[in-house]
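Under the working numbering, the letters of the sequence shown match residues 1147 to 1838, in that order. We treat Cβ as the ideally placed atom computed from N, Cα and C, and that holds for glycine.
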Amino acid sequence: MDLKKIKPFLLLGSFYLLVSFILRIVFIFHPITNASFGVFESLKILFVGLISDIFVFILSSSLLALYFLFLSDSKYRKPYGYIIFGILMLALIYTAFVPGNIFKQYGGSFPEVAIAFVGMKTMFFGLLLFLPAQRVKIRNILYFITLFLYVLLIIFNAVSEYFFWNEFGVRYNFIAVDYLIYTNEVIGNIMESYPVVPLFSVILIFTLAVTWYIFKKTKNELLDLPNFKQKLILLGSFLVLCGLSLVIIPKLDSVKTENTFAQEIQANGFPKFFKAFTQKELDYFQFYPTLNETVAEQNFLKQFQPPALARNITSENPELKKNVVLISIESLSADFLEHYGNTQKITPFLDSLADKSLLFTNLYATGNRTVRGLEALTLCIPPTAGESIIKRENNKNKFTTGSVFKSKGYDVKFLYGGYSYFDNMEDFYKGNGYDIVDRNNFKPEEITFGNVWGVSDEDMAKKAIEVMNQEAKSGKPFFNHWMTVSNHRPFTYPEGRIDIPGNAKSRDGGVKYTDYSLRKFFEMAKKQDWYKNTVFVIVADHCASSAGKTELPMDKYRIPGMIFSEGFIAPQQFNQLMSQIDVMPTLFGLLNFSYQSKFLGQDVFKDTFQPKAYVATYQDLGLIKDNYLTVISPTKKVRQYSLVLQKSDLPENFKLYYDETPVKNTVQNLVDDCVSIFQSTSYWLEKNKLNR
């Protein structure tokens, strides 16, 4: 092959290798790298790193290779050029003007991004098609932009890795993934911590200079485009090299060194980021404060009786084999309910049901994502660093609420109006013995309304009744966990159900429609023979938002929760502080279940119950106890806040807002409790001790 055809790859790759080499030298001599390396080990680090960088660049240059493969003058000839342009115009019309297209269904910024992308593609193709005399100039502009983006990514990644190393002393891990999720907070932190304007100005100037150099050296290659044979050779060579890269990169990552710093320096940031994104967890013992493991376990387990991870729960009363329907409601903050001071009357049914139920007035979600709420209600364990266990690889054969019900002879199902492959729910629930009922189980005539997230809650309510009627015929009790979907952006639902239009895309509308759907569900359920022998648990998965003045703002984690069963559960309020992971152990206590438990939540009606709650983001882990919030974070940070209720017109039990005041002198026993909880949970998960 003519080397001139791959000159852009050679120059861009050489620049990437140079930047990576300089970055490794900086890491070796960085003050945070408290390790010394001999000459041989330093050479090994640099050599392994160089090989890794070469294969990483091959993979990352895929888009550039595709760009060159699709460069052609033949596609602009009649009639092909006009056909392609027509297709692009139709795509633009669809994304920009067709109501209810897939991008507009999702809402947010997706429609604007789609319109911009398709619009630019259509515009440039049209220019190249209708202005053949200017085609070389236009193509040069697009080539320059492509090179600019590659160079910018290389430089920006190097700067990002430097700052990440400066703070954590490692390459990318799940915290870097977390930074992409919490964009607003991260950008705010950068703006406050670094001289952003000078920094980005230097990055921009340097990027333009390097891009211009590579462009000037290679732009002539666009004058003589590769023919079909040359493209096949380029494609075949590239596929072989990519295949080798996919095999070699993991092997290089497994090359061991004498210390962690050497391991991290010789690694490449991009595979580390990908690995963090797929594994979804942080190494607690590397990044968080720790205690002696035995001490931590004993401290955590002393709340249980007996103080052991696996312990027998024994009831003195006969077990009640009642059906159980657990409804976890999408994004239902406590302050949507009138009980907690809302005056909009958007949850009239739930407020009426709360008056007839065991109502938990001081209940806190463990996280701010659906999978975290499902984890809390299914596994009944505190949150751990990184992503929810539901999305991790080792997520099967756990001790779950479903496994307890199965041991009692129940049919166990997970019901979801969308496709349950989303967020790995299908893999998790099937891997833990649940049957799945989701959008795949709906006939077309059963769907009166749907959006990108799934069928409406109203349709799911009808399907749930159908499923429960079938289960009741078997003569076995059933446990069904229904996860709602309608109270989620884009907040669309059928017209004419509530007084807020279905196309208003209003969160208040989403809440009110879900409340309407639950009313319909209970109206249908009351007509069924199994209704009076059924316990309904209604609880939010998480709040509508999580942003606040502190890392873990308490008012953004408070959720409603209630247990209702006509003729069985007396209306009452439980006002003590409790966690989402306490809900199901409490239900088992009400049903007088005897079982061997590995749950880390408690039955709130036991004498040994200790009021507390666990709250977390992907990296901040918090314990609420004794009017303090204790937070532990990566780089072994510990922060503590005293909690004082603000003045409120609400009854004492429903006051929502706390002042979180940083304390000067931390309460050490609460710090130890916080560390013990999250360290022990992480350790037991790692050792599979929470499996059934």
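Straight-line Cα distance separating residue j from residue i
| i | j | result |
| --- | --- | --- |
| residue 1845 | residue 1292 | Outside the displayed span of the chain (1147 to 1838) sits residue 1845, for which this structure offers no information. |
| residue 1749 | residue 1554 | 19 Å |
| residue 1358 | residue 1193 | 30 Å |
| residue 1368 | residue 1272 | 19 Å |
| residue 1541 | residue 1535 | 6 Å |
| residue 1373 | residue 1152 | 14 Å |
| residue 1204 | residue 1376 | 19 Å |
| residue 1484 | residue 1644 | 17 Å |
| residue 1277 | residue 1222 | 10 Å |
| residue 1633 | residue 1206 | 38 Å |
| residue 1147 | residue 1201 | For residue 1147, the pLDDT reaches just 48, beneath the cut-off of 50, and the residue's location in the model is therefore unreliable, leaving the point undetermined. |
| residue 1562 | residue 1154 | 49 Å |
| residue 1705 | residue 1743 | 25 Å |
| residue 1490 | residue 1821 | 41 Å |
| residue 1595 | residue 1532 | 35 Å |
| residue 1161 | residue 1179 | 25 Å |
| residue 1590 | residue 1607 | 16 Å |
DSSP state of residue i mapped onto helix, strand, coil
| i | result |
| --- | --- |
| residue 1451 | coil |
| residue 1208 | helix |
| residue 1331 | Confidence at residue 1331 is low in this model, with a pLDDT of 47, below 50, so its placement is unreliable and the value that follows should be read with caution. Looking at residue 1331 - three-state DSSP - the assignment turns out to be helix. |
| residue 1776 | strand |
| residue 1288 | helix |
| residue 1476 | coil |
| residue 1467 | coil |
| residue 1147 | The predicted position of residue 1147 is uncertain, since its pLDDT is 48 and thus under 50; a value taken from the coordinates is nonetheless stated next. In this structure, residue 1147 counts as coil in the three-state DSSP scheme. |
| residue 1635 | coil |
| residue 1512 | coil |
| residue 1628 | strand |
| residue 1741 | strand |
| residue 1645 | coil |
| residue 1219 | coil |
| residue 1427 | strand |
| residue 1587 | helix |
| residue 1711 | coil |
| residue 1366 | helix |
| residue 1731 | helix |
| residue 1542 | coil |
Distance CB(residue i)-CB(residue j) smaller than 8 Å
| i | j | result |
| --- | --- | --- |
| residue 1726 | residue 1512 | yes |
| residue 1735 | residue 1751 | yes |
| residue 1667 | residue 1710 | no |
| residue 1414 | residue 1198 | yes |
| residue 1826 | residue 1446 | yes |
| residue 1301 | residue 1165 | yes |
| residue 1729 | residue 1685 | yes |
| residue 1780 | residue 1433 | yes |
| residue 1703 | residue 1510 | yes |
| residue 1816 | residue 1769 | yes |
| residue 1723 | residue 1699 | no |
| residue 1284 | residue 1270 | yes |
| residue 1717 | residue 1501 | yes |
| residue 1835 | residue 1455 | yes |
| residue 1829 | residue 1529 | no |
| residue 1708 | residue 1520 | no |
| residue 1789 | residue 1775 | yes |
| residue 1754 | residue 1450 | yes |
Whole-number beta carbon distance between residue j and residue i, since they are thought to touch under 8 Å
| i | j | result |
| --- | --- | --- |
| residue 1543 | residue 1565 | Contact flag wrong, Cβ pair sits at about 24 Å. |
| residue 1731 | residue 1720 | No, residue 1731 and residue 1720 are not in contact; Cβ-Cβ is about 13 Å, not under 8 Å. |
| residue 1466 | residue 1733 | In fact, because the Cβ distance is near 11 Å, the residues do not count as touching under 8 Å. |
| residue 1163 | residue 1196 | 7 Å |
| residue 1297 | residue 1353 | 5 Å |
| residue 1241 | residue 1249 | 6 Å |
| residue 1268 | residue 1234 | 4 Å |
| residue 1219 | residue 1371 | 7 Å |
| residue 1648 | residue 1639 | 5 Å |
| residue 1838 | residue 1549 | 5 Å |
| residue 1507 | residue 1523 | Incorrect: roughly 18 Å between the Cβ atoms, too far for contact. |
| residue 1556 | residue 1625 | 5 Å |
Closer than 8 Å to chain C by CB, residue i
| i | result |
| --- | --- |
| residue 1584 | Of the protein chains in this structure there is only one, and it is not chain C. |
Checklist line | At least 3 beta-carbon pairs within less than 8 Å: the region 1381-1395 vs the region 1177-1193 | finding: no
Next item on the list: Count the CB pairs spanning the region 1466-1479 and the region 1627-1645 that are closer than 8 Å, and state whether there are at least three.
Entry: yes
Checklist line | Contact between the region 1453-1463 and the region 1664-1679 (3+ Cβ pairs under 8 Å) | finding: no
Next item on the list: Mind the definition here: the region 1344-1352 touches the region 1434-1445 only if three or more C-beta pairs lie below 8 Å; say whether that holds.
Entry: no
Note to self: With a threshold of 8 Å, are at least 3 pairs of Cβ atoms found where one atom belongs to the region 1254-1263 and the other to the region 1407-1424?
What the structure shows: no
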